[in-house]
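Novice: My questions all concern the structure below.
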Amino acid sequence: MTTPPAASRTRRPRVLVTRAEEVPGERWDDYADCLEAAGADWEALDLADWQPDTRIEDYDGLVISGGVDIDPACYGEAPSSYVSDTNAARDQFETALLQDALERDLPVLGVCRGHQLLNVAHGGSLLQHIAEREPHRARSGEDGAIDSGWHEVALAQGSLLAGLFDVPSLRVNSRHHQAVTLDRLAPGLRVAATTPDGVVEALERPDRRWVVSVQWHPERKEDGASQRPIFEAFVEACAATAQQDG
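Going by this note's numbering, the letters in the sequence shown line up with residues 16 to 261, in that order.
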């Protein structure tokens, strides 16, 4: 019997995407579309279906999606008057999955809340509220939809993101009111992008295979194809994991 070529024996990487409460403007299908376009199979794990002993040994990568605020109790602070929409069960759910992925050295992509969770899970904290409405905050449009803010981020030289885009800065969407700042950065993480007003918009963990988080939403279709390199690089790292594991 003829042995099939190596390319035909390589399976598509499998990616796990976290999913919890419904959030206005959060479109779960956008994550799926980006992952599929980049060459990955995916599955959503809902908070309601998670158990504390859940492990992700059957997957090649993890996406931590956007959502509600992280409870300040996770980093030892009382909530300010601006923090009211939290989900302690989700904090536990995604932190446990993240720790499992890091222990297995699986590729991780954190988006918005996922970016903030990466920092908190490593011992950092968050600015609980950005006072200025623009440019970080989303706003209600004339048709009742929630429109993104937009701003520039400077990419750190030598970062994974700088290598992906080969430009010094990017224009990205913005839909958050909590933030990672330089004075709240967790040990072991490296800043990959910042705004002119000092908000840390992307993080990396350099001692792992591929761990990147971004404060913006690269999955949203309002960005067109401009953010595609992030998903392509993530899926490429997942494919390397799949190949290694057979």
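Virtual Cβ for every residue (Gly too), placed ideally from N, Cα, C.
Keep in mind that this is a model prediction, so the values were computed, not measured.
Please report how far the alpha carbon of Glu237 lies from the alpha carbon of Ala201, in whole angstroms.
Specialist: Their backbone Cα atoms lie some 31 Å apart in a straight line.
Novice: Is Val182 helix, strand or coil when you go by DSSP?
Specialist: DSSP places Val182 in coil when its eight states are reduced to three.
Novice: By the 10 Å Cβ neighbour count, where 16 or more other Cβ atoms means buried, how is Gly91 classified, buried or exposed?
Specialist: By the 10 Å Cβ count, Gly91 comes out exposed.
Novice: Taking Glu234 and Cys49 to be in contact with their CB atoms under 8 Å, please state how far apart those CB atoms are, rounded to whole angstroms.
Specialist: Indeed they touch by this definition, with Cβ atoms about 5 Å apart.
Novice: In angstroms with no decimal places, state the Cα-to-Cα distance between Gln114 and Arg186.
Specialist: Rounded to whole angstroms, Gln114 to Arg186 spans 31 Å at the Cα level.
Novice: Over what stretch of residues does the beta strand (DSSP E) that includes Glu216 continue unbroken?
Specialist: Looking at the DSSP string, the run of the beta strand (DSSP E) that includes Glu216 is 214 to 219.
Novice: Would you call the stretch 242 to 259 and the stretch 114 to 123 in contact, with 3 or more CB pairs under 8 Å?
Specialist: These segments touch.
Novice: Whole angstroms is fine: what's the gap from His144's alpha carbon to Asp181's?
Specialist: C-alpha separation (whole angstroms): 32 Å.
Novice: Inspect the beta-carbon positions of Pro28 and Val215 and report whether they are closer than 8 Å.
Specialist: Cβ distance not < 8 Å, so Pro28 and Val215 don't count as in contact.
Novice: Contact between the stretch 75 to 90 and the stretch 99 to 106 is defined here as three or more beta-carbon pairs at a separation below 8 Å; is this criterion met?
Specialist: Yes: the two stretches touch, three or more of their Cβ pairs being nearer than 8 Å.
Novice: Return helix, strand or coil for Ser83, following the three-state DSSP convention.
Specialist: The question names Ser, yet the displayed sequence has Val at residue 83. Coil.
Novice: Count the other C-beta atoms from every protein chain shown that fall within 10 angstroms of the C-beta of Arg70, then say buried if there are 16 or more, exposed otherwise.
Specialist: That one is exposed.
Novice: To the nearest angstrom, report how far apart Arg243 and Gln230 are at their CA atoms.
Specialist: The alpha-carbon atoms of Arg243 and Gln230 are separated by roughly 16 Å.
Novice: Given that a residue counts as buried once 16 or more other Cβ atoms are within 10 Å of its Cβ, and exposed if not, what is Thr33?
Specialist: Flag for Thr33 reads buried.
Novice: So the alpha helix (DSSP H) Gly203 belongs to, where does it begin and stop?
Specialist: It is not in any alpha helix (DSSP H) - Gly203 carries neither H nor E in the DSSP assignment.
Novice: Within 10 angstroms of its Cβ, does Tyr97 collect 16 or more other Cβ (buried), or is it exposed?
Specialist: Per the 10 Å Cβ criterion, exposed.
Novice: Whose C-alpha, out of Leu170, Ala177, His191, Ser140, is nearest the C-alpha of Gly164?
Specialist: When each option's Cα is compared against that of Gly164, the closest is His191.
Novice: Between the C-alpha atoms of Gly203 and Leu133, what's the straight-line distance to the nearest angstrom?
Specialist: The straight-line gap from Cα to Cα measures roughly 11 Å.
Novice: Over the uninterrupted alpha helix (DSSP H) stretch that includes Leu50, give me the two end residues.
Specialist: Note, Leu50: alpha helix (DSSP H), 43 to 53.
Novice: Can you grab the Cα-Cα spacing for the pair Trp57 / Pro67, in whole Å?
Specialist: Cα-Cα distance, rounded: 21 Å.
Novice: Where does Glu219 land, buried or exposed, given buried means 16+ other C-beta within 10 angstroms?
Specialist: Answer is buried; the Cβ neighbour count reaches 16.
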